[in-house]
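Everything in the sequence shown is counted per this note's numbering, starting at 367 for the first residue and increasing by one.
Glycine included, C-beta positions come from ideal geometry on N, C-alpha and C.
Predicted, not measured: the structure shown is a model, and the values here were computed from it.
Take a look at the structure below.
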Amino acid sequence: MKMRPTNNLPEGCSDCLNCSDKIMLWSIGGSFFLAIIKLLGGVYSSSSGLMADGIQSLSCVIGSTIIMFSIRISKKQKDMHFPFGYGKVEYLVSMIIFSLLMGLGVYISGSSLLLMLNGNYDIPGVSGVPIAAISIFVNFLIYKYSICAGKKTGSNGMIANAYQAKADLYSSTAVLAGIALAQLGTVFAICDPLAAFAVGLLIIKDGVTHWKQNLQVILDKVPDPEYRSKLQALVLNEPLGATLEYVRLKRTGEKYWLGMGLNVSDGGGLDVLEETTSHLKSVLHSRMSWIGHVEFFLNVPDEPVIAAPLSDTDSSEDETQKS
367 MKMRPTNNLP EGCSDCLNCS DKIMLWSIGG SFFLAIIKLL GGVYSSSSGL MADGIQSLSC
427 VIGSTIIMFS IRISKKQKDM HFPFGYGKVE YLVSMIIFSL LMGLGVYISG SSLLLMLNGN
487 YDIPGVSGVP IAAISIFVNF LIYKYSICAG KKTGSNGMIA NAYQAKADLY SSTAVLAGIA
547 LAQLGTVFAI CDPLAAFAVG LLIIKDGVTH WKQNLQVILD KVPDPEYRSK LQALVLNEPL
607 GATLEYVRLK RTGEKYWLGM GLNVSDGGGL DVLEETTSHL KSVLHSRMSW IGHVEFFLNV
667 PDEPVIAAPL SDTDSSEDET QKS
C-alpha cells in the first residue's frame, strides 16, 4: 500500500465520494455476519481454523467501526489550532488497526502451533467449507469497493479497511483449503490447524508492512523523487522566468501541503509576483488534484525572501508575508 497521490478524478467519481459511509456500514454488517457464522460453524464442525477465522472477522468489525469515526474526524476543516487539518487522524487510527491485526496474528499462530504440538485436533466437519466460501465472496466485495473508494477519495482509512478485508479473505481461503485437505484422512487432520498457523503469519507480515508505511507518513518522510521531478518539469514549462530551488511535500490527509522555493530572476514588483503565483496556482490545481494548500517562497535578487501562500479563497492564507 504505497502512499501515492490520487490522480485527477474521472467523471462520476462523486459516486465514490458519496458512498464511502455506506461502504463502511456494509463492511461492518458483513464482517459481523461472517464472525457469527464462522464462530458457530467452528464450534459445530470442530474446526480450529474456522474459529480463528471468526475471531479475525470480529476484529474487522471493531476495526471498521473505529475507521468510520476516524474518517469523519479527518474531514473536519482546518483551524487555528490545527492549521494542517485533521487528516493524519486516519493514519494514526490505521496504525492502531494494524497493531491489533498483528496481535491477532500472533494469537492465531500461537494457539494453532500449540494444537499441532499437543496433537489436540480432530478431523473438522465438512460443513465449514461453505462457510469459508461465503466468507471469501463477502470479503472480496468489501475489499473491492473499499479499495476503490479509498483510491478515489485519497482516504487512507478506507484503504486500511480494504486491507482488513483482504487479510480476512486470505484467512478464509487457507481455512477452506485446510478443512478440505483434512477430509482425506487422519494423517491430513493437521492441515486444519496448519492453515490457521499460516493465516496468522500472513496477518503479521501484512500488519508490519502497513504499520511502517503509516508511520512514515506521520513522521513526514520525504516523498518519492518522482514528485519533485514532475513539479520541476511543470515550473520549467511555464513562462515564469523562475527556477525551482526546493520542494517540500507534507501529506495532510487526502491532500498534500506543498511548499516551493523559486528563484525569480526579475521580480518586477509585487504585482508581477502575485500574478506569477496566481497563474502557477491555477496550473497546479488543474493538473495535480492531489495538491491542497500551496505556499511559494520567492527568492528575488537584492530582495528579502517572500512567502506567498497560494489561495485566493481562504482569507487566512491569502496574505503575502515577508520575512
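For V630, the uninterrupted beta strand (DSSP E) segment begins and ends at 622-630.
Membership of V492 in any alpha helix (DSSP H) is not indicated, and neither H nor E is assigned to it by DSSP. Measuring C-alpha to C-alpha distances from A543 to each of A533, A531, P559, A528 identifies P559 as the nearest. If you check the CB distance, A546 and V495 come in under 8 Å. CA-CA distance, D445 to G451, rounds to 7 Å.
DSSP places T618 outside both helix and strand once states are collapsed to three, so it counts as coil. By the CB criterion at 8 Å, L610 and L664 fall outside the cutoff. In the DSSP assignment, G476 falls within the alpha helix (DSSP H) that extends over 455-484. Boundaries of the alpha helix (DSSP H) harbouring I439: 414-440, taken from the DSSP string. Per the Cβ contact rule, the region 423-441 is in contact with the region 392-399 (3 or more Cβ pairs under 8 Å). For H645, the secondary structure class from DSSP, reduced to helix, strand or coil, is helix. For the options W577, E592, P591, the alpha carbon positioned closest to that of L585 is the one of W577. By the neighbour-count criterion, in which 16 or more other beta carbons inside 10 Å mark a residue as buried, L483 falls on the exposed side.
The three-state reading of DSSP puts G395 in helix, counting H, G and I together. Between V613 and the set N603, S478, A599, the nearest pair of CA atoms involves A599.
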